[in-house]
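Below: one structure, written as structure tokens.
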Amino acid sequence: MLLLDRHGPKEDVWERAETLCQAETNFVLTPFGAIAESPLVQTDLRLAALLEPNRALDEVTPFFDRLDMIVVHFPSAADGRGFSTARQLRQAGFKGILRAFGPLISDQFPQALACGFDEVEIIGAAAARQPVEHWMEALKRISFLYQRDYGAQDSIPEQRLARAAHV
Amino acid sequence: MAAAKRPELPAILIANDLREGEVVFATLEGWTRDPRRALVVQDERAAEALQVFGAKEFLRAKVVDPQLVAIESAEGAPRPRHYREALRALGPSVRPDLGKQADFQI
Amino acid sequence: MYLYDEFDERLVRERVAQFASQVERRLSGALTEDEFRPLRLKNGLYLQLHSYMLRIAIPYGALNARQLRRLAHIADVHDRGYGHFTTRTNLQFHWAKLKDVPSVLGLLADVGMHCIQTSGNCIRNVTADPFAGVAFDEIEDPRPVAELIRQWSSLHPEFEWLARKFKIAVSGAAQDRTVMKSHDLGVRIVRDAASGAIGYRILVGGGLGRSPMEAQVLRDFLPREDLLAFLEAALRVYNLAGRRDNKWKARIKFLVLDIGVEVFRARVEEEFARIDKTKANANPAEEARIASFFASPPYESLPEISRSLEQAVARDEELARFVGNNLTRHKRKGYAALTISLKAIGGIAGDISSGQMRAVADLAELYSFDEARVTYAQNLVLPHVRLDDVPLIFARLKEQGLATANVGLITDIISCPGLDYCALATARSIPIAQALSQKFADPARQKDIGELSIKISGCVNACGHHHVGAIGILGLEKKGAESYQITLGGEAGDDYALGELLGPGLPAEKVPEAVERLVAVYLARREAGENFIETTRRLGLAPFKTAFKEIADAVA
Chain S
3 MLLLDRHGPK EDVWERAETL CQAETNFVLT PFGAIAESPL VQTDLRLAAL LEPNRALDEV
63 TPFFDRLDMI VVHFPSAADG RGFSTARQLR QAGFKGILRA FGPLISDQFP QALACGFDEV
123 EIIGAAAARQ PVEHWMEALK RISFLYQRDY GAQDSIPEQR LARAAHV
Chain F
149 MAAAKRPELP AILIANDLRE GEVVFATLEG WTRDPRRALV VQDERAAEAL QVFGAKEFLR
209 AKVVDPQLVA IESAEGAPRP RHYREALRAL GPSVRPDLGK QADFQI
Chain G
103 MYLYDEFDER LVRERVAQFA SQVERRLSGA LTEDEFRPLR LKNGLYLQLH SYMLRIAIPY
163 GALNARQLRR LAHIADVHDR GYGHFTTRTN LQFHWAKLKD VPSVLGLLAD VGMHCIQTSG
223 NCIRNVTADP FAGVAFDEIE DPRPVAELIR QWSSLHPEFE WLARKFKIAV SGAAQDRTVM
283 KSHDLGVRIV RDAASGAIGY RILVGGGLGR SPMEAQVLRD FLPREDLLAF LEAALRVYNL
343 AGRRDNKWKA RIKFLVLDIG VEVFRARVEE EFARIDKTKA NANPAEEARI ASFFASPPYE
403 SLPEISRSLE QAVARDEELA RFVGNNLTRH KRKGYAALTI SLKAIGGIAG DISSGQMRAV
463 ADLAELYSFD EARVTYAQNL VLPHVRLDDV PLIFARLKEQ GLATANVGLI TDIISCPGLD
523 YCALATARSI PIAQALSQKF ADPARQKDIG ELSIKISGCV NACGHHHVGA IGILGLEKKG
583 AESYQITLGG EAGDDYALGE LLGPGLPAEK VPEAVERLVA VYLARREAGE NFIETTRRLG
643 LAPFKTAFKE IADAVA
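Structure below.
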């Protein structure tokens with residue numbers, strides 16, 4: 003397993019549980035369904051939901067306040083639904099941590115960040131074959147994008163405007 | 149890797165070289181570009197050994213798309229029975245000046 | 103023509119370095135073939151039957167002389183001295199080596215070219231009317247918006263891993279010349295009848311392949327400023343809901359079919375409403391910057407008719423045929439758009455040698471304001487030539503074997519590379535096209551038959567557009583041999599229609615005879631002034647089926 007954000011590898015503090023009752027720590031990552039079905043109780047439990055890529059946005063938005071993190075599952079590297087899911091969650095106002103989870107490849111790391119993810123969790127053989135350097139190098143490969151409003155960097159159109167204003 | 153359906157015999161093993169993309173043929177000493185030097189297997193055991201070799205070479209990032217293909221006969225330059233594999237082994241029929249057919253005057 | 107600024111150039115150069123790293127990681131084993139394949143495809147690199155094939159993007163088919171010369175150089179140094187223009191207006195080199203591809207991409211970047219997204223499950227190279235900017239029936243030049251879409255869709259972080267490929271075409275003319283209704287998404291420039299404002303009609307869900315479908319209207323009139331936000335919404339709905347379990351049902355056309363265009367439209371509009379338009383749409387200043395590259399070239403004021411051309415035509419029968427078939431009316435008096443047919447009799451459709459590329463580069467530079475275009479019919483266009491210069495251009499083309507006067511005629515055949523090159527093909531296409539071309543070679547006979555489109559694909563993926571050929575030919579495998587199905591009545595333009603199957607598949611050697619029978623039915627039954635497709639529409643399939651059956655029965 004490999005967990006990375008834009009600064010590098012990090013420790014995973016989240017405990018995985020199938021239901022909320024099974025949790026032993028205060029940081030619980032559980033399938034979204036388990037949270038959606040459990041009654042709202044005031045606890046000091048920090049909650050994270052694992053979201054399958056086919057879950058409709060409308061089902062998730064009512065739970066934004068209860069969730070510290072949403073983990074979007076990528077069933078395979080080629081299945082890019084999660085990028086749009088992240089975009090929708092951010093657009094709908096989710097301010098917590100967004101994590102991409104699955105057998106991603108390092109070239110997708112900048113794409114994940116640009117779509118609103120904070121971190122990626124790579125599992126299985128894909129993590130073993132791609133050392134941390136590959137992920138960090140991937141972030142440096144493409145300096146600027148054409149798309150406005152994807153990621154922290156100013157987009158190419160914005161930089162063009164800024165430059166034109168200077169001339 | 150799941151065992152692919154075994155073609156009829158005799159057969160040869162065709163693949164594409166990962167680095168170059170060129171069609172290559174398995175021999176006892178590795179791979180060759182020359183279809184005339186392709187190892188022709190006549191029995192099941194040899195065919196299986198060749199298939200295992202192809203699968204290993206794929207995993208070692210040496211070749212792509214290794215396939216055991218049935219050939220017409222063991223005489224001369226081996227010619228795959230199926231028209232698709234025959235084209236793959238020889239080159240484009242509309243450009244006889246290109247591909248194996250030209251390189252090796254087959 | 104659009105020219106890269108430092109940002110475009112930087113992105114393309116960084117992309118080259120990125121691909122070099124991907125190749126390195128593949129060779130080291132850090133990436134498996136399954137992981138690497140989509141990455142190389144998104145850089146236009148396929149593994150074909152004999153070799154890798156590199157597909158170079160020619161956005162909306164626009165090329166200049168410098169680019170053509172660079173392509174010629176690549177053909178000579180890194181390939182086998184020729185290239186192949188495709189029905190998506192791209193150029194393919196059939197003999198690429200993986201280890202050389204990063205340096206070839208570098209050579210392309212030097213001249214403002216790339217292979218980005220010419221394959222793979224992403225937004226593909228955007229195509230447009232080959233007569234953009236010069237067509238007499240144009241509402242507005244589609245190239246600025248095509249260039250805007252090219253930039254917006256390049257390396258889009260959200261849409262690089264779609265369920266399937268996604269093709270966009272743009273047209274700004276009264277007549278569609280892009281096969282728009284075969285595209286996943288079509289952008290048609292229209293003028294709003296009430297306000298007179300220019301905007302876009304958006305079509306969705308067209309496609310050829312195994313299950314051909316005609317695109318439907320998604321939005322009748324989209325204000326021009328909302329284009330990118332609307333595209334983002336449509337792509338997001340598709341990315342989330344397109345089928346991932348079956349690649350044969352993953353194109354957007356199946357989603358539109360499954361849920362119906364009304365539901366699809368509602369979902370897109372809902373997503374569109376959520377998008378912050380001020381952030382998603384293009385900035386007007388950026389749109390203006392792009393548009394400035396497509397200003398009209400400095401045309402001369404010329405008389406409508408060229409006396410020198412008229413005199414030359416009167417002296418030279420071949421030139422007369424060329425002028426009759428290969429010139430298209432231009433918006434400016436005294437000019438024409440000149441189509442260079444890449445369909446020499448018995449040749450390979452769309453193939454062009456490095457020498458021919460250089461010759462076209464010279465002609466474009468000397469006579470067409472340094473512009474050439476690629477058409478989906480696998481021909482080239484010099485978009486603005488003076489009528490006075492046509493005899494000279496014709497003579498130069500003739501020296502290069504490029505003066506075939508058959509544009510739109512029965513020998514102007516569209517053909518995919520088929521099994522001679524393509525790993526996906528089930529049968530060869532090129533030899534069929536060659537046999538038909540030779541059979542109908544006689545210019546007088548071609549003239550008599552008139553406008554007739556034959557389109558040939560070597561597998562159900564339909565790169566040769568067979569569904570929309572007046573006569574469509576599909577190569578399949580039947581009992582271990584190549585077999586060809588023939589369809590009739592397809593049309594690519596505004597009267598879009600899918601051809602209907604005439605009967606069982608035929609062996610290759612029977613195809614020319616069968617086509618000849620179909621043509622004979624037309625010649626016998628046509629009314630004055632009626633072309634082939636009009637006759638098939640009036641008569642229906644029956645008489646053609648009867649003629650076809652005689653051939654099919656003889657085979658059986």
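Protein chains in written order, with our numbering: chain S, 3 to 169; chain F, 149 to 254; chain G, 103 to 658.
Every residue gets a Cβ at the ideal spot worked out from N, C-alpha and C, and that includes glycine.
For the beta strand (DSSP E) containing residue i, name the first residue and the last one.
i, result
"lysine 580 of chain G", "573-580"
"glycine 344 of chain G", "No beta strand (DSSP E) holds glycine 344 of chain G; DSSP gives it neither H nor E."
"tyrosine 478 of chain G", "Segment: none, tyrosine 478 of chain G is in no beta strand (DSSP E) and carries neither H nor E."
"aspartate 7 of chain S", "4-7"
Can you give the Cα-Cα distance for residue i and residue j, rounded to whole angstroms?
i, j, result
"alanine 331 of chain G", "methionine 103 of chain G", "25 Å"
"arginine 391 of chain G", "leucine 333 of chain G", "21 Å"
"aspartate 596 of chain G", "aspartate 278 of chain G", "6 Å"
"leucine 429 of chain G", "tyrosine 478 of chain G", "17 Å"
"histidine 186 of chain G", "leucine 156 of chain G", "10 Å"
"tyrosine 340 of chain G", "methionine 3 of chain S", "31 Å"
"glutamate 156 of chain F", "phenylalanine 201 of chain F", "18 Å"
"glycine 457 of chain G", "isoleucine 556 of chain G", "28 Å"
"alanine 129 of chain S", "histidine 75 of chain S", "15 Å"
"aspartate 14 of chain S", "valine 62 of chain S", "23 Å"
"valine 415 of chain G", "aspartate 286 of chain G", "43 Å"
"alanine 658 of chain G", "lysine 651 of chain G", "10 Å"
"alanine 150 of chain F", "leucine 161 of chain F", "The predicted model places alanine 150 of chain F with a pLDDT of 43, which falls under 50 and marks its position as unreliable; any figure quoted below should be read in that light. Between alanine 150 of chain F and leucine 161 of chain F, the C-alpha separation is close to 17 Å."
"glycine 178 of chain F", "alanine 234 of chain F", "21 Å"
"leucine 238 of chain F", "lysine 248 of chain F", "5 Å"
"valine 621 of chain G", "glutamate 242 of chain G", "38 Å"
"alanine 230 of chain G", "leucine 151 of chain G", "30 Å"
"arginine 369 of chain G", "isoleucine 361 of chain G", "10 Å"
"glutamate 327 of chain G", "leucine 643 of chain G", "46 Å"
Going by DSSP, what residue range makes up the alpha helix (DSSP H) through residue i?
i, result
"arginine 321 of chain G", "Segment 318-325 is the beta strand (DSSP E) holding arginine 321 of chain G; no alpha helix (DSSP H) there."
"leucine 648 of chain G", "The sequence given here has threonine at residue 648 of chain G, not leucine. Segment 644-657, the alpha helix (DSSP H) holding threonine 648 of chain G."
"phenylalanine 146 of chain S", "No alpha helix (DSSP H) contains phenylalanine 146 of chain S, which DSSP labels as neither H nor E."
"arginine 460 of chain G", "456-469"
"aspartate 60 of chain S", "59-62"
"alanine 234 of chain F", "231-238"
"histidine 175 of chain G", "167-180"
Report yes if the C-beta of residue i is less than 7 Å from at least one heavy atom of the ligand NAP; otherwise report no.
i, result
"alanine 630 of chain G", "The ligand NAP is not part of this structure, which contains no ligands at all."
Classify residue i as buried or exposed, calling it buried when 16 or more other Cβ atoms lie within 10 Å of its own Cβ.
i, result
"glycine 82 of chain S", "buried"
"methionine 71 of chain S", "buried"
"cysteine 117 of chain S", "buried"
"glutamine 24 of chain S", "exposed"
"aspartate 491 of chain G", "buried"
"alanine 535 of chain G", "buried"
"tryptophan 254 of chain G", "buried"
"valine 179 of chain G", "exposed"
If we call anything under 8 Å between Cβ atoms a contact, is residue i one with residue j?
i, j, result
"cysteine 518 of chain G", "glycine 566 of chain G", "yes"
"glutamine 132 of chain S", "serine 157 of chain S", "no"
"leucine 634 of chain G", "alanine 594 of chain G", "Looking at the sequence shown, residue 634 of chain G is not leucine but phenylalanine. Going by C-beta atoms, phenylalanine 634 of chain G is not nearer than 8 Å to alanine 594 of chain G."
"leucine 511 of chain G", "glutamine 540 of chain G", "no"
"leucine 590 of chain G", "leucine 604 of chain G", "yes"
"phenylalanine 34 of chain S", "arginine 57 of chain S", "yes"
"alanine 343 of chain G", "leucine 357 of chain G", "yes"
"proline 140 of chain G", "glycine 222 of chain G", "yes"
"valine 570 of chain G", "serine 273 of chain G", "no"
"histidine 432 of chain G", "phenylalanine 238 of chain G", "yes"
"asparagine 145 of chain G", "cysteine 217 of chain G", "yes"
Discussion item. To test your reading of the DSSP string, which unbroken alpha helix (DSSP H) runs of 4 or more residues are found completely within the stretch 244-290 of chain G?
Written reply: Along the stretch 244-290 of chain G, the alpha helix (DSSP H) occurs as fully enclosed runs of 4 or more residues at 245-255, listed in sequence order.
Item to complete: Tell me the start and end of each unbroken beta strand (DSSP E) in the stretch 161-187 of chain F that is at least 3 residues and wholly inside, in chain order.
Response: Listed in chain order, the beta strand (DSSP E) runs fully inside the stretch 161-187 of chain F are 171-175, 178-180, counting runs of at least 3 residues.
Practice prompt. Identify every run of the beta strand (DSSP E) within the stretch 553-640 of chain G, keeping only runs that are complete inside it and at least 3 residues long; order them along the chain.
Written response: Correct list: 556-559, 573-580, 583-590.
Item to complete: Only counting runs of 4 or more residues, tell me where the alpha helix (DSSP H) segments fall wholly within the stretch 359-383 of chain G, in order along the chain.
Response: Restricted to the stretch 359-383 of chain G, the alpha helix (DSSP H) segments that are unbroken, complete and at least 4 residues in length are 379-382, listed in chain order.
Worksheet item: Where in the stretch 87-151 of chain S do unbroken runs of the alpha helix (DSSP H), each at least 4 residues long, occur, reported from the N-terminal end onward?
Response: Fully enclosed alpha helix (DSSP H) runs of 4 or longer: 111-116, 127-131, 134-143.
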